[in-house]
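Worksheet: one structure, shown below.
Protein chains: 2
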Amino acid sequence: MSVAVAQPPAKKGPQTAARIREAALELFSRLGFERATMAEIAAEAGVSQATLHYHFADKDQLWRAAMLQLRAVISEEERLLEAAADAAPEVQLRMAMRLFLRISWNHPALGRIVALEGMAGGERLDWLDAHLIGPRNRRLAELAQAAIDSGALKPFPAATMIITLQAAGAGVINLAPMMRKSFGLDPSEPAAREAHERLIIDALLGGLLTPRTT
Amino acid sequence: MSVAVAQPPAKKGPQTAARIREAALELFSRLGFERATMAEIAAEAGVSQATLHYHFADKDQLWRAAMLQLRAVISEEERLLEAAADAAPEVQLRMAMRLFLRISWNHPALGRIVALEGMAGGERLDWLDAHLIGPRNRRLAELAQAAIDSGALKPFPAATMIITLQAAGAGVINLAPMMRKSFGLDPSEPAAREAHERLIIDALLGGLLTPRTT
DNA sequence: TCTTTTTCTGATTTGAAAGTCAGGAATACT
DNA sequence: AGTATTCCTGACTTTCAAATCAGAAAAAGA
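Residue numbers (our numbering), protein chains in the order written: chain A, 1 to 214; chain B, 1 to 214.
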């Protein structure tokens, strides 16, 4: 019981910063920027709180670093879309929507953060718009607009469609705690996930495609 | 410049508690529970911070009081539905959806709070489920289930449909800051609001109604 | 009028979380 | 080995918001 220390826990090597980023992403997305504390993040990453400040200047910088890590993963997955760059607009749109839902599912952090910051506004939203969601949103909107212009989709404002897709797509995952509470259902089961995916695609595309008889 | 005081601001009478509740609702919904501070609420209501603690034991009680006030207003508006209690299920559902969207619009606080707390989970969500959103959600789900049973709607899980409606319906309003940032559009304009309403109704009902040719 | 109760406030306490710093331990370099 | 550098930590300071409290001002009641 002298001073302390001893067990070298988990190879304190250069992975430390990465572990911190992961812990930060997890906590920021689950709790939002304010509720997540530096102390919790440090504990989750298995380091002292001061270590966080050694690797990242302040909480804000840590948040940005976590977001950039998330972006890297997502951009990688979205590269799938490039393969279909010359398909018909509504085909591309359907693919993009499926991919969007899949990514929402694989990275719940994204949807939660977009919902939290997109609601609050402020500097972090500005940053997110510039680095993460803005380009993504506008690309989707262009796709939707192309589908509208080609006559395949009813002429709703593309921006409204995209925001609605975003909200609806992330909704079931974001609102998992509420769903459990109100309905006793767990939306993280694969069956529920698939039902949700079909629901969105059927509803948005089924409901918005122009009827063939016109 | 002696001591201070003088102008009797806004009749400190029995409306004080009500003014505090309104200020609290405004700030809680705009900023969420944590970001909203007692000091700000007090300032908004035009009273001292200690007065908040005179009328409400602590921040949590104040939050509950604000929510109950919101519930009272909403319940009143929802009474409209009773008039259609014996229409066909899908007609009732369409009415309920319209009303839901209208309420989301008239009371942005509701959607924001549901999104914030429904994402976070915890005690406040438990309370909300018991007193505000649970009964509402389950009533809507029953309506949707009835429409499904009657064969008018495709057989998607009713709970998933309701959560999606909730997310999509409140989405454009909740994500107004993001929409402004990403698209430079203001969803609070009447035109945008109407487009959104038509979009949701068209998409969800148009896409989910069983085709007449089957 | 005097007294009591209700309503409200300034000043203060408490607690929690962000951020700082001097220095210890490990690693790399010579 | 000796030295420098990188990585990490415990202890501390600072900041900010919730909650408390003693009492002032106003209203109600006698």
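The beta carbon of each residue, even a glycine, is placed where N, CA and C say it ideally should be. All values derive from a computational prediction rather than experimental measurement.
Separation of residue j from residue i, as counted between CA atoms
i        : j        : result
B/Leu153 : B/Gln49  : 52 Å
B/Leu31  : A/Asp86  : 43 Å
A/Gln145 : A/Leu93  : 10 Å
A/Ala66  : A/Leu128 : 12 Å
B/Leu205 : A/Arg35  : 38 Å
A/Met179 : B/Ala168 : 15 Å
B/Leu199 : B/Gly151 : 23 Å
A/Met97  : B/Asn106 : 30 Å
B/Ala158 : A/Ser75  : 34 Å
A/Pro177 : B/Leu70  : 22 Å
B/Ala18  : A/Phe156 : 41 Å
A/Arg79  : A/Val73  : 11 Å
A/Ala88  : A/Arg102 : 21 Å
B/Leu81  : B/Met95  : 7 Å
A/Glu40  : A/Glu26  : 11 Å
A/Ser104 : A/Leu110 : 7 Å
A/Ile148 : A/Met38  : 47 Å
A/Thr164 : B/Ala130 : 28 Å
A/Ala57  : A/Arg21  : 13 Å
B/Ala84  : B/Leu99  : 12 Å
A/His55  : B/Ala170 : 39 Å
B/Ile201 : B/Val91  : 12 Å
B/Leu68  : B/Gln61  : 11 Å
B/Pro135 : A/Pro135 : 39 Å
B/Thr16  : B/Thr160 : 42 Å
B/Phe183 : A/Ala203 : 24 Å
Proximal residues to residue i (C-beta, below 8 Å), its chain only, five neighbours per side dropped
i        : result
A/Trp63  : Ala24, Phe28, Phe33 and Arg124
B/Ile133 : Val114 and Gly118
B/Leu185 : Met179 and Ala192
8 Å Cβ cutoff, residue i in contact with chain B
i        : result
A/Ser182 : yes
A/Thr164 : yes
A/His196 : yes
A/Pro177 : yes
A/Ile215 : This structure does not reach residue 215 of chain A, given that chain A is present from 1 up to 214, and the question cannot be answered.
A/Lys59  : no
A/Ala24  : no
A/Leu125 : yes
A/Asn106 : no
A/Leu31  : yes
A/Met67  : no
A/Ala17  : no
A/Met38  : no
A/Gly46  : no
A/Ala192 : yes
Beta-carbon contacts of residue i that lie in its chain and below 7 Å, excluding the five residues immediately before and after
i        : result
B/Leu116 : Gly32
A/Ile162 : Asn137, Leu140, Ala141 and Ala144
A/Ala42  : Ser48, Gln49, Thr51 and Leu52
B/Gly122 : none
B/Glu77  : Ile103
A/Gly207 : none
A/Lys59  : Met38
Residues near residue i by beta carbon distance below 6 Å, same chain, minus five either side
i        : result
A/Glu44  : Ala23
A/Arg112 : Ser29 and Asn174
B/Val47  : none
B/Gln7   : Because the pLDDT at B/Gln7 is just 31, under 50, the model does not fix this residue reliably, and the point stays unresolved.
B/Pro187 : Val172, Ala176 and Met179
A/Pro108 : Ile173
is_contact[residue i, chain A] using C-beta, thresh 8 Å
i        : result
B/Ala147 : no
B/Ile200 : yes
B/Leu185 : yes
B/Val172 : yes
B/Glu34  : yes
B/Phe156 : yes
B/Ala159 : yes
B/Ala115 : yes
B/Ser75  : no
B/Met97  : no
B/Gly151 : no
B/Ala120 : yes
B/Leu101 : no
Distance cut-off 7 Å: residue i Cβ against heavy atoms of the ligand GDP
i        : result
A/Leu143 : Questions concerning the ligand GDP fall outside what the structure shown contains, since it holds no ligand whatsoever.
Could you tell me which whole alpha helix (DSSP H) segments of length 4 or greater appear in the region 62–108 of chain A?
89–106
Report the residue ranges of all alpha helix (DSSP H) runs contained in full by the region 115–147 of chain A; include only those spanning at least 4 residues, in chain order.
123–128
What are the residues in the region 130–143 of chain B lying within 8 Å of chain A by C-beta distance?
Ile133, Gly134, Asn137, Arg138 and Ala141
Whole runs of the alpha helix (DSSP H) within the region 156–190 of chain B, excluding any shorter than 4 residues
158–174 and 176–183
List in chain order: all unbroken alpha helix (DSSP H) runs of 4+ residues lying wholly within the region 13–59 of chain A.
16–35, 38–45 and 49–55
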